[in-house]
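For reference, the structure is listed below as structure tokens.
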Amino acid sequence: MPKVILKITGMTCASCAKLNENALLAVSGVSAANVNIATNKATVEFDEKITSLAKIIEAIEKAGYGAHELNEHDHNHAAMEDAQADKKARNRFLGSALLTLPVFSTMLFGELKLGSEILGVDLLMWTHAILTAIVVFVFGWHFHHSAGKKLLRLSFNMDSLVSLGTLTALIYSLWAMFVGQAVYFEAAAAIITLINLGKWLEARSKGRAGQALQKLLELGVKKARVIRAGREFEIPIEEIQVGDILHVKAGEKIPLDGMIIAGAAALDESMLTGESMPVTKKIGDEVFGATLNQNGSLQIRVLKVGNDTVLAQIIKMVEEAQGSKAPIQKLADKIAGIFVPVVMVIALLTFLVWYFLTGNLEMSIIPAVAVLVIACPCALGLATPTAIMVGTGTGAKNGILIKNGETLEKSNQIDVVIFDKTGTLTEGKPKITDIVPFNFPEEKLLKVAYSLAKLSHHPLSQTIARFSEERKIEPTELINFKEISGQGIIAECREHQTTVRLGNEKMLRTGKIEIEAQAEAVIHKLATEGKTPLLVAHGNQLIGVLGLMDTIKADSAEAIRKLNQSGIETVMLTGDHRRTAEAIAAQLGIKKVIAEILPQAKSAEVQKLQEAGHKVAFVGDGINDAPALAQADLGIAMGTGSDIAIETGNIVLMQGSPAKVFSALMLSQKTFRIIKQNLFWAFVYNVIGIPIAALGLLNPIFASLAMSLSSVSVISNSLRIKRFKL
Numbered sequence: 083m084p085k086v087i088l089k090i091t092g093m094t095c096a097s098c099a100k101l102n103e104n105a106l107l108a109v110s111g112v113s114a115a116n117v118n119i120a121t122n123k124a125t126v127e128f129d130e131k132i133t134s135l136a137k138i139i140e141a142i143e144k145a146g147y148g149a150h151e152l153n154e155h156d157h158n159h160a161a162m163e164d165a166q167a168d169k170k171a172r173n174r175f176l177g178s179a180l181l182t183l184p185v186f187s188t189m190l191f192g193e194l195k196l197g198s199e200i201l202g203v204d205l206l207m208w209t210h211a212i213l214t215a216i217v218v219f220v221f222g223w224h225f226h227h228s229a230g231k232k233l234l235r236l237s238f239n240m241d242s243l244v245s246l247g248t249l250t251a252l253i254y255s256l257w258a259m260f261v262g263q264a265v266y267f268e269a270a271a272a273i274i275t276l277i278n279l280g281k282w283l284e285a286r287s288k289g290r291a292g293q294a295l296q297k298l299l300e301l302g303v304k305k306a307r308v309i310r311a312g313r314e315f316e317i318p319i320e321e322i323q324v325g326d327i328l329h330v331k332a333g334e335k336i337p338l339d340g341m342i343i344a345g346a347a348a349l350d351e352s353m354l355t356g357e358s359m360p361v362t363k364k365i366g367d368e369v370f371g372a373t374l375n376q377n378g379s380l381q382i383r384v385l386k387v388g389n390d391t392v393l394a395q396i397i398k399m400v401e402e403a404q405g406s407k408a409p410i411q412k413l414a415d416k417i418a419g420i421f422v423p424v425v426m427v428i429a430l431l432t433f434l435v436w437y438f439l440t441g442n443l444e445m446s447i448i449p450a451v452a453v454l455v456i457a458c459p460c461a462l463g464l465a466t467p468t469a470i471m472v473g474t475g476t477g478a479k480n481g482i483l484i485k486n487g488e489t490l491e492k493s494n495q496i497d498v499v500i501f502d503k504t505g506t507l508t509e510g511k512p513k514i515t516d517i518v519p520f521n522f523p524e525e526k527l528l529k530v531a532y533s534l535a536k537l538s539h540h541p542l543s544q545t546i547a548r549f550s551e552e553r554k555i556e557p558t559e560l561i562n563f564k565e566i567s568g569q570g571i572i573a574e575c576r577e578h579q580t581t582v583r584l585g586n587e588k589m590l591r592t593g594k595i596e597i598e599a600q601a602e603a604v605i606h607k608l609a610t611e612g613k614t615p616l617l618v619a620h621g622n623q624l625i626g627v628l629g630l631m632d633t634i635k636a637d638s639a640e641a642i643r644k645l646n647q648s649g650i651e652t653v654m655l656t657g658d659h660r661r662t663a664e665a666i667a668a669q670l671g672i673k674k675v676i677a678e679i680l681p682q683a684k685s686a687e688v689q690k691l692q693e694a695g696h697k698v699a700f701v702g703d704g705i706n707d708a709p710a711l712a713q714a715d716l717g718i719a720m721g722t723g724s725d726i727a728i729e730t731g732n733i734v735l736m737q738g739s740p741a742k743v744f745s746a747l748m749l750s751q752k753t754f755r756i757i758k759q760n761l762f763w764a765f766v767y768n769v770i771g772i773p774i775a776a777l778g779l780l781n782p783i784f785a786s787l788a789m790s791l792s793s794v795s796v797i798s799n800s801l802r803i804k805r806f807k808l
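FYI, the numbering for the sequence shown is 83 to 808, going by this note's numbering.
Shown next as structure tokens:
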């Protein structure tokens with residue numbers, strides 16, 4: 083099903099988000115909808131055969147909000163919009179504060195009078211009334227406007243509470259000043275001012291929470307130097323096509339994904355991997371848009387443009403993650419959906435009970451107003467999305483792409499991490515270390531091996547092919563080529579009309595080829611040294627063994643040590659010979675090894691651990707590990723540029739570093755802890771605050787201050803994730 087991201091305008095609190103979510107889910111053909119109050123975006127999955135984007139937007143508009151599909155224009159103007167929202171919120175606060183200050187300060191001194199009266203009311207009281215009316219109706223107009231729109235549709239949000247509370251205080255005070263009762267102009271003005279202060283602080287904090295995505299958006303290059311028909315000229319990046327040749331000078335960013343066809347340089351790829359160490363690139367190497375050419379002049383053939391580039395995919399993944407929700411948010415969403423009407427009922431009951439007990443209008447209205455303004459659905463609504471925004475943004479900055487909020491919750495439960503060996507714990511670039519022929523010339527042994535290996539894309543086969551080509555070995559013609567997963571390669575030699583094989587012991591035993599004691603000893607020795615033995619057979623005879631060794635990644639052992647120390651069990655899974663696997667595992671500190679396993683059986687091994695009660699993370703290179711990544715409770719795909727679009731992984735590690743596995747789990751767990759803290763305090767705040775206000779123990783001014791700061795405290799707590807050391 084297609085997925086679309088919409089920008090929604092007019093939302094002010096969690097109740098708005100829930101209202102829009104319900105409106106979207108009510109549209110026939112919409113299978114899923116997440117509305118995020120922190121980003122003002124909605125992620126919608128729908129069936130194009132049943133509904134359309136126009137109908138989806140219409141549903142949001144009927145709910146009283148605006149919406150349009152997020153596009154490049156919105157991305158480019160996101161920072162400008164944040165700055166404008168910040169400025170508008172600041173001006174509202176400063177304007178209301180300027181007019182509230184004289185009302186508030188003179189009220190502190192009790193019955194001050196100017197001596198002149200209009201309609202029997204002192205001029206100073208009229209001044210307070212006018213200033214308060216300006217604060218409430220001018221600098222608080224956005225609350226009343228939003229509340230009025232919702233009322234027309236018989237729906238309510240936080241603005242409804244603020245509007246009702248301040249209008250009640252103002253109208254009561256206008257009545258009271260004519261009948262000689264105590265007035266609460268300062269309360270009405272202070273509520274608007276303090277909530278405006280909270281909205282300003284919230285806008286600033288939300289801007290900081292979304293900085294990571296904005297910085298990713300700013301990485302892209304606007305123009306590129308293209309070579310066409312022998313001429314070099316600069317054109318906008320949107321006009322570049324696949325196949326174009328670009329010229330990139332030292333100190334410039336690579337405009338788009340491509341391949342170097344001339345030159346060499348050191349590139350800063352920290353925007354992809356989070357690592358500042360430059361990477362040397364030469365002719366034939368892939369490069370990625372927005373990485374920095376530190377030295378050298380390069381000519382690059384463009385391979386990907388637009389939304390196909392690695393940077394575009396990272397931005398899309400981070401954006402979707404920030405628009406997602408963790409399952410723990412479900413309770414908060416349910417409460418947010420009924421929160422405002424329930425608070426209104428509580429406020430009405432508060433008024434009625436106080437009036438019944440005291441018969442005093444003033445003593446009844448003030449607690450009711452306090453209930454209205456202290457209630458805060460915003461803290462509940464912001465608890466999860468702000469933490470997800472900061473957590474996923476921090477991860478992206480460090481080459482860790484967390485796909486959704488559910489991943490954060492899953493990461494918190496993991497107790498076993500299974501590593502695929504080749505390309506994950508090792509470099510995936512083995513070298514030939516031993517050539518052991520058995521009564522057969524070495525050159526002919528390599529000729530047979532090369533003839534088979536050159537037809538395969540397996541990393542071990544490619545190693546043999548490269549080695550043979552360097553030795554100038556000439557291959558022979560083969561027919562009936564067949565690659566058997568988990569065993570090796572078999573074909574027919576046209577020249578000698580005989581079967582040739584390259585593979586492991588299982589392949590030879592299946593072909594009923596005898597492995598003598600001498601060969602057994604060689605195989606055992608190579609495996610004990612951590613090398614992979616590959617057997618070569620010609621006809622029914624074993625003619626030699628090749629020993630290949632894959633280099634262990636520099637940070638593999640450290641990653642395993644940290645995981646073991648944190649109480650997470652580590653397991654290595656490989657198709658290698660058991661003795662080879664155990665030798666490598668011993669070097670890494672891994673105690674449990676699953677060896678000689680076929681690729682298609684990896685997911686079954688994951689399932690076995692799950693059935694034993696474990697929560698399992700599987701770490702693979704994302705090429706032939708898709709079933710295991712999908713089966714695991716948490717799939718972690720090790721990627722360089724080409725693996726970024728792996729759909730089966732919950733987390734994608736751009737650098738392909740084992741150390742990032744530990745960092746990803748720790749960051750996810752830290753983010754989830756922050757989510758739980760935010761939800762706890764948001765619940766506690768409302769559960770304690772509303773009863774205190776209903777009992778008349780809380781002045782509406784302090785209630786409005788507490789309400790404003792509750793949202794800010796949730797966002798500030800989320801921003802602590804930025805300080806997490808990866």
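All C-beta atoms, glycine included, are put in the ideal place defined by N, C-alpha and C.
**Item:** Terminal residues of the alpha helix (DSSP H) in which Q647 lies
**Value:** 638 to 647
**Asked** Exposed or buried, what is L252 when buried is set at 16 or more other beta-carbons lying within 10 Å of its beta-carbon?
**Response** buried
**Request:** Could you give the DSSP three-state label for I90: helix, strand or coil?
**Result:** strand
**Item:** Residues of its chain near T214, where Cβ-Cβ distance is below 7 angstroms and the 5 sequence neighbours each way are ignored
**Value:** V185, L252, F267, A270, A271
**Asked** Under the three-state reduction of DSSP, which class applies to N104: helix, strand or coil?
**Response** helix
**Prompt:** At which residues does the beta strand (DSSP E) containing D241 begin and terminate?
**Reply:** Premise fails: D241 lies in the alpha helix (DSSP H), 240 to 261, not in any beta strand (DSSP E).
**Prompt:** Does the distance from the C-beta atom of P512 to that of T656 stay below 8 angstroms?
**Reply:** no
**Message:** Buried or exposed for V427, going by 16 or more other Cβ atoms inside 10 Å?
**Reply:** exposed
**Alpha-carbon to alpha-carbon, L152 and I726** = Low confidence applies to I726: its pLDDT is 43, below 50, so where it sits in the model is not reliable enough to give any reading.
**Prompt:** Looking at the structure shown, is Q623 part of a helix, part of a strand, or coil, going by DSSP?
**Reply:** strand
**Request:** Using a threshold of 8 angstroms, state whether the C-beta atoms of A332 and N377 are closer than that.
**Result:** yes
**Request:** Pick helix, strand or coil for G177, following the three-state DSSP scheme.
**Result:** helix
**Request:** Could you check if V769 is buried or exposed, using at least 16 other CB atoms within 10 Å of its CB as the buried criterion?
**Result:** exposed
**Item:** Cut-off 6 angstroms between Cβ atoms - residues of its own chain near K644, not counting five sequence neighbours on either side
**Value:** F744
**Request:** Indicate whether the contact test is met: 3 or more Cβ pairs, each with one atom in the segment 108 to 119 and one in the segment 89 to 97, closer than 8 angstroms.
**Result:** yes
**Item:** Where the beta strand (DSSP E) through T652 begins and ends
**Value:** 651 to 655
**Asked** With DSSP run on the structure shown, which of helix, strand or coil describes Q579?
**Response** coil
**Item:** Three-way DSSP call (helix, strand, coil) for G419 in this model
**Value:** helix
**Prompt:** Relative to the C-alpha of T474, which residue among I566, L431, M207, A746 is closest?
**Reply:** A746
**Message:** With H, G and I counted as helix, E and B as strand and the rest as coil, what does DSSP make of M748?
**Reply:** helix
**Prompt:** Between the C-alpha atoms of G723 and M736, what's the straight-line distance to the nearest angstrom?
**Reply:** Below a pLDDT of 50, predicted positions are generally treated as unreliable, and G723, at 37, falls in that range; no measurement from the model is reported.
**Request:** Report, in whole angstroms, the separation of the C-beta atoms of I277 and V217, which I expect to be a contact under 8 angstroms.
**Result:** Not quite, the Cβ-Cβ distance comes to about 11 angstroms (not below 8 angstroms), so this is no contact.
**Message:** Would you call the segment 677 to 688 in contact with the segment 452 to 469, where contact means no fewer than 3 C-beta pairs closer than 8 angstroms?
**Reply:** no
**Request:** Assign G371 to one of two classes, buried (16 or more other C-beta atoms within 10 Å of its C-beta) or exposed (fewer than that).
**Result:** buried
**Asked** Leaving out five residues before and five after A285 in sequence, what residues of the same chain have Cβ atoms less than 7 angstroms from its Cβ?
**Response** A167, D168, A171
**Straight-line gap, S750 to L243 (C-alpha atoms, nearest Å)** = 35 angstroms
**Message:** If you reduce the DSSP assignment to three classes, tell me which class H226 lands in.
**Reply:** helix
**Request:** Name the two residues that bound the continuous alpha helix (DSSP H) containing M589.
**Result:** 587 to 592
**Message:** According to DSSP, is M736 part of a helix, a strand, or is it coil?
**Reply:** coil
**Rounded Cβ spacing between G612 and A639 (contact assumed at less than 8 angstroms)** = About 13 angstroms separates the two Cβ atoms, so there is no contact after all.
**Request:** Give the range of the alpha helix (DSSP H) segment to which K697 is assigned.
**Result:** Looking at the DSSP string, K697 is not in any alpha helix (DSSP H), and its letter there is neither H nor E.
**Request:** Give me the Cα-Cα distance between A469 and L301, rounded to the nearest whole angstrom.
**Result:** 23 angstroms
**Message:** For the beta strand (DSSP E) containing V361, name the first residue and the last one.
**Reply:** 361 to 363
**Request:** Give the secondary structure of T125 by DSSP, where H, G and I count as helix, E and B as strand, and everything else as coil.
**Result:** strand
**Message:** How far does the alpha helix (DSSP H) with R661 in it extend, from its first residue to its last?
**Reply:** 660 to 670
**Message:** Taking the beta carbon of N562 as the centre, do at least 16 other beta carbons fall within 10 Å, making it buried, or is it exposed?
**Reply:** exposed
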